[in-house]
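These protein sequence lines map, in sequence, to chains A and B.
With our numbering applied, the first sequence closes on residue 214, and no number is skipped along the way.
With our numbering applied, the second sequence closes on residue 428, and no number is skipped along the way.
Note that CB positions come from ideal geometry on N, CA and C, so glycine has one too.
Bear in mind the structure is a predicted one, so any value in this text is a computation, not a measurement.
Quick notes on the structure that follows.
Number of protein chains: 2
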Amino acid sequence: MKIGMLGTGEVGQVLGSAFVTLGHEVCMGGRDAGNEKATAWAKQAGPSASHGTFADAAHFGEVLVLATLGQATLGILEQAGPLEFSGKIVLDATNPLDFSQVFPPTLFVGTTDSLGEQIQRKLAGAHVVKCFNTVGNVSMFQPQYQAGPPTMFICGDDDGAKATVTALLRDFGWEAADLGDIRGARAMEPLCLAWVLYGVKAGTWLHAFRMLRR
Amino acid sequence: MKIGMLGTGEVGQVLGSAFVTLGHEVCMGGRDAGNEKATAWAKQAGPSASHGTFADAAHFGEVLVLATLGQATLGILEQAGPLEFSGKIVLDATNPLDFSQVFPPTLFVGTTDSLGEQIQRKLAGAHVVKCFNTVGNVSMFQPQYQAGPPTMFICGDDDGAKATVTALLRDFGWEAADLGDIRGARAMEPLCLAWVLYGVKAGTWLHAFRMLRR
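Structure representation (structure tokens):
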């Protein structure tokens with residue numbers, strides 16, 4: 001297939017090279033046709049690789065990949081010409097990450113608060129640990145998965161409380177994954193939504209997340 | 215340990231029974247002391263189980279578990295008395311789910327839009343499939359995990375486009391998990407945040423999600 005890769009950063013280069021390796025043709029687009037990173041990438045990626053403007057890449061591809069900075073994305077689509085995308089598959093690899101304030105970043109769309117944070121504010125003296133909200137109740141206690149123990153995401157402001165909860169989770173048959181302070185609930189509550197949406201499409205309610213490491 | 219279980223529904227019962235099985239004492243709290251579900255649960259759960267009001271459960275527990283409906287939770291905490299929670303570990307298993315409009319539910323805190331949806335609105339004629347946004351670029355192409363292939367979450371309005379992307383993902387070494395239409399981006403973009411937050415705490419950037427089934 002012909003792939004139009006919008007974005008010249010690491011994600012665009014990794015995905016672009018992967019598509020070339022798999023036998024596809026890739027045109028990488030940047031702000032201008034002479035973009036240094038796109039030129040260098042196309043040279044080392046071989047004869048199936050080319051480069052140009054965002055509009056060139058959008059015109060070239062049967063499948064278009066958005067590997068642009070989240071905050072720049074809508075402007076880049078305008079620049080490339082929205083009509084070029086009509087009828088095509090657009091792989092959206094972007095994220096609405098706001099790095100301007102702090103690290104870790106926040107999202108600039110949605111998620112400015114969470115129920116976990118509201119609860120911690122309500123119970124100012126308590127050590128709230130968000131937990132058990134990313135799996136259905138039939139799997140909460142000692143679920144058996146062939147692939148090994150599932151991962152329970154937790155977050156909270158107090159490290160001692162999280163250590164206690166981590167030990168409890170082991171008894172419950174879960175491996176804990178700490179997402180930091182209570183603002184992690186902004187990520188964990190939508191995880192519940194991901195769990196529900198997967199269940200709706202896959203027709204199962206016995207699923208659970210696992211975090212893989214290597 | 216002494217566990218105060220706030221909530222008499224399925225989650226409260228499953229977690230309450232699990233704590234009893236593990237040798238803890240559990241007091242289940244409901245809106246009133248004679249709550250039928252709490253009474254029946256305590257009876258069948260044996261001598262380590264008791265029941266009472268939300269305030270009774272909050273007073274009883276060294277560790278408190280919130281297994282209440284999201285929309286009712288802050289009111290219940292007010293009813294139970296926020297000071298009862300001071301200095302205690304509070305396991306927050308709630309989710310801000312809004313079932314009033316549609317199924318699948320939405321979240322009533324945050325997440326009223328997503329970059330994926332903004333992109334689809336901008337490219338009205340295109341088939342946007344959110345993809346590759348929940349893992350770092352070093353793991354995007356044919357990553358090797360001992361536990362087997364990781365899971366790439368996808369969502370989008372066009373089933374044909376998602377079928378094409380699912381086949382592509384197989385070539386890339388991923389199993390696809392479809393979260394439904396493009397509004398699934400409200401769950402998938404915070405998944406990126408969960409990935410980042412885990413990396414910060416665990417000190418790894420080679421991790422990836424997997425959806426376990428049984």
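Legend entry - Unbroken stretches of the alpha helix (DSSP H), 4 residues or longer, contained in the stretch 283 to 353 of chain B: 287 to 294, 329 to 336
Legend entry - Sheet register partners of A:Phe209 (DSSP bridge): B:Met425
Inset, instruction - Pull up the distance between the alpha-carbon of A:Leu97 and that of B:Thr253, whole angstroms please. - result: 48 Å
Inset, instruction - Give a yes or no on whether 8 Å exceeds the smallest Cβ distance from A:Arg214 to chain B. - result: yes
Inset, instruction - Could you work out which residue in B:Phe299, B:Asp395, B:Trp255 is closest to B:Asp327 when comparing CA atoms only? - result: B:Asp395
Legend entry - CB of A:Lys88 within 8 Å of CB of A:Gly61, strictly: yes
Inset, instruction - Could you tell me which of A:Cys27, A:Glu175, A:Arg186, A:Gln71 sits nearest to A:Tyr145, measuring between CA atoms? - result: A:Glu175
Inset, instruction - Identify every residue that forms a DSSP beta bridge with B:Met219. - result: B:Met242, B:Val279
Inset, instruction - State buried or exposed for A:Arg214, treating a residue as buried only when at least 16 other CB atoms are found within 10 Å of its CB. - result: exposed
Inset, instruction - Residues of the stretch 163 to 178 of chain A with a CB closer than 9 Å to any CB of chain B: list them in chain order, please. - result: Thr164, Val165, Leu168, Asp171, Phe172, Ala177, Asp178
Legend entry - 8 Å Cβ cut-off: residues of chain B touching A:Ala72: Within chain B, no residue comes near A:Ala72; the closest Cβ sits about 11 Å away, beyond 8 Å.
Inset, instruction - On a CA-only basis, which of B:Leu420, B:Ala269, B:Gln356 is nearest B:Glu292? Give me that one, please. - result: B:Ala269
Legend entry - Inter-stretch contact (C-beta, 8 Å, three-pair minimum) for the stretch 186 to 200 of chain A and the stretch 114 to 127 of chain A: yes
Legend entry - 8 Å Cβ cutoff met for A:Leu6 and A:Ala58: yes
Legend entry - Cβ-based burial, A:Leu83 [other Cβ within 10 Å; buried from 16]: exposed
Inset, instruction - May I ask you to list the residues that DSSP assigns as paired with A:Ser50? - result: A:Cys27
Inset, instruction - Check the Cβ of B:Ala263 against every Cβ in chain A and list those closer than 7 Å, keeping chain order. - result: Under the 7 Å cutoff, chain A gives no residues; its nearest Cβ is about 15 Å from B:Ala263.
Inset, instruction - Establish whether the CB of A:Arg31 and some CB of chain B are separated by less than 8 Å. - result: no
Inset, instruction - Return the chain-ordered list of same chain residues with a C-beta closer than 7 Å to the C-beta of A:Lys162, the five sequence neighbours on each side being excluded. - result: Val129, Ile154, Gly156, Asp178
Inset, instruction - Whole angstroms is fine: what's the gap from A:Thr134's alpha carbon to B:Thr320's? - result: 15 Å
Legend entry - Start-to-end residues for the alpha helix (DSSP H) that takes in B:Asp372: That residue, B:Asp372, is in no alpha helix (DSSP H); it is neither H nor E in DSSP.
Legend entry - Below-8 Å beta-carbon distance, A:Gly180 vs any chain B residue: yes
Legend entry - Near-chain A residues of the stretch 361 to 377 of chain B - C-beta to any C-beta below 7 Å: Ala361, Gly362, Pro364, Phe367, Ala375
Inset, instruction - Can you tell me which of the three DSSP states A:Thr151 falls into? - result: strand
Legend entry - Proximity winner among A:Thr8, A:Gln13, A:Ser17, relative to A:Ala72 (alpha-carbon distances): A:Thr8
Inset, instruction - Return helix, strand or coil for A:Ala33, following the three-state DSSP convention. - result: coil
Inset, instruction - Measure from the alpha carbon of B:Met410 to the alpha carbon of each residue in A:Gly12, A:Ala45, A:Asn95, then state which is nearest. - result: The sequence given here has Val at residue 410 of chain B, not Met. The residue with the shortest Cα to Cα distance from B:Val410 is A:Asn95.
Inset, instruction - Note down the Cα distance separating A:Gly136 from A:Trp205, rounded to an integer number of angstroms. - result: 7 Å
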